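Heads up: the structure comes next, in structure tokens.
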Amino acid sequence: MKNKECVLLPRRFRMVQYLDCLFFSTPSDPDGVIFIRKSDNTFLLYRLCDRKFYEHQWKGTAVSNTIFVEGKLYTLSLEKGKRRKLCGLNDEDWSLAVVDPLFPGDTHTVKMKLKLGNNTRLLQTLGYHVFILVESCGETLLVRMMWNCVRNLSCDVFRANLTRLEWTKVENLGDRVLFLSHGSSISVSASEMGCKGNHIYYIPTKHERLNAVRKVCKRTAPFVEFKLGSDEMIPHSIPACSNFVVGCTWLTPCLP
């Protein structure tokens, strides 16, 4: 969706730091809707047509960012009350919380199982990991990124099959390139953008850079690059910045 005008949000929205934020439109809300993940259990919807916030509860606990795919909102979710470690997909029940913007109070959970092929292996879970969802060509991808203080960043990528209710491991992204952050994540065609396919670029949060990436790179790294299937991580710094960059995000230009 191409945005042709800016939206001025109420002051109470601009003064508070939220975990996740999306802007989208639907046939019933052509003016647009702003989704805000207020906490791991609560989210807000702000409808521009009536300039009003509506607060709702997740059925479970959100453990990833939120994406908008084919008219619905998705986030990775754990059942409420579960205190399990976020280690591996092979021994956990990783579900998708689904929100229909028309009926946000009727949030439901789709239970997913991991489906691996005979020769497929999962990367060993390291000391720290995050989960990020990204829409790619109409599909929902889940990226699990892991590292500790002595190893480079590594990742597994999974594709959601909502018909069979399972995650399947992606061995190669082909022509796709993923640009990931906690604020926004996008998938683009490498051939159209003139970049390398099967690559992932990730902007760690300031907390992650302080506790992990800096110890590996021995220098500041506003974002990192790696090729899917390889453990090699390439840190990138912004020349004009001598300190950590706060609030970086990925943007796509509105091309004619």
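Heads up, the numbering used here is the position in the sequence shown plus 3, with the first residue counted as 1. Note that beta-carbon positions come from the ideal geometry of N, C-alpha and C, so glycine has one too. Because the structure is a prediction, the values reported are computed rather than measured.
Here's the rule: buried if 16 or more other CB atoms are within 10 angstroms of the residue's CB, otherwise exposed. What is residue i?
{"i": "residue 147", "result": "buried"}
{"i": "residue 57", "result": "exposed"}
{"i": "residue 229", "result": "buried"}
{"i": "residue 207", "result": "buried"}
{"i": "residue 52", "result": "exposed"}
{"i": "residue 44", "result": "exposed"}
{"i": "residue 139", "result": "buried"}
{"i": "residue 159", "result": "buried"}
{"i": "residue 54", "result": "exposed"}
{"i": "residue 94", "result": "In this prediction, residue 94 has a pLDDT of 47, which is less than 50 and means its spatial position is unreliable; what the coordinates show is noted afterwards. Residue 94 is exposed by the Cβ-count criterion."}
{"i": "residue 40", "result": "buried"}
{"i": "residue 233", "result": "exposed"}
{"i": "residue 194", "result": "exposed"}
{"i": "residue 238", "result": "buried"}
{"i": "residue 166", "result": "exposed"}
{"i": "residue 225", "result": "buried"}
{"i": "residue 149", "result": "buried"}
{"i": "residue 252", "result": "exposed"}
Between which two residues does the beta strand (DSSP E) carrying residue i extend?
{"i": "residue 58", "result": "55-60"}
{"i": "residue 236", "result": "236-239"}
{"i": "residue 116", "result": "116-118"}
{"i": "residue 199", "result": "Neither: residue 199 is in no beta strand (DSSP E) and is coded neither H nor E."}
{"i": "residue 34", "result": "32-40"}
{"i": "residue 159", "result": "157-164"}
{"i": "residue 228", "result": "226-230"}
{"i": "residue 79", "result": "75-82"}
Less than 9 angstroms between CB atoms is the rule here; does residue i satisfy it with respect to chain D?
{"i": "residue 49", "result": "The structure shown contains no chain D, having only a single protein chain."}
Would residue i pass as a contact of residue j if the rule is Cβ separation under 9 angstroms?
{"i": "residue 163", "j": "residue 145", "result": "yes"}
{"i": "residue 23", "j": "residue 185", "result": "yes"}
{"i": "residue 254", "j": "residue 187", "result": "yes"}
{"i": "residue 112", "j": "residue 74", "result": "no"}
{"i": "residue 69", "j": "residue 46", "result": "yes"}
{"i": "residue 180", "j": "residue 192", "result": "yes"}
{"i": "residue 29", "j": "residue 61", "result": "no"}
{"i": "residue 31", "j": "residue 104", "result": "yes"}
{"i": "residue 115", "j": "residue 168", "result": "yes"}
{"i": "residue 119", "j": "residue 176", "result": "no"}
{"i": "residue 38", "j": "residue 76", "result": "yes"}
{"i": "residue 65", "j": "residue 79", "result": "yes"}
{"i": "residue 67", "j": "residue 117", "result": "no"}
Ends of the alpha helix (DSSP H) at residue i?
{"i": "residue 194", "result": "193-196"}
Please state the DSSP three-state secondary structure of residue i.
{"i": "residue 107", "result": "helix"}
{"i": "residue 24", "result": "strand"}
{"i": "residue 132", "result": "strand"}
{"i": "residue 253", "result": "coil"}
{"i": "residue 186", "result": "coil"}
{"i": "residue 50", "result": "strand"}
{"i": "residue 167", "result": "coil"}
{"i": "residue 233", "result": "coil"}
{"i": "residue 177", "result": "coil"}
{"i": "residue 68", "result": "strand"}
{"i": "residue 141", "result": "coil"}
{"i": "residue 94", "result": "Confidence at residue 94 is low in this model, with a pLDDT of 47, below 50, so the placement of that residue is unreliable and no value is reported for it."}
Would you say the beta carbon of residue i comes nearer than 8 angstroms to a heavy atom of the ligand SAM?
{"i": "residue 102", "result": "The ligand SAM is not part of the structure shown, which contains no ligands of any sort."}
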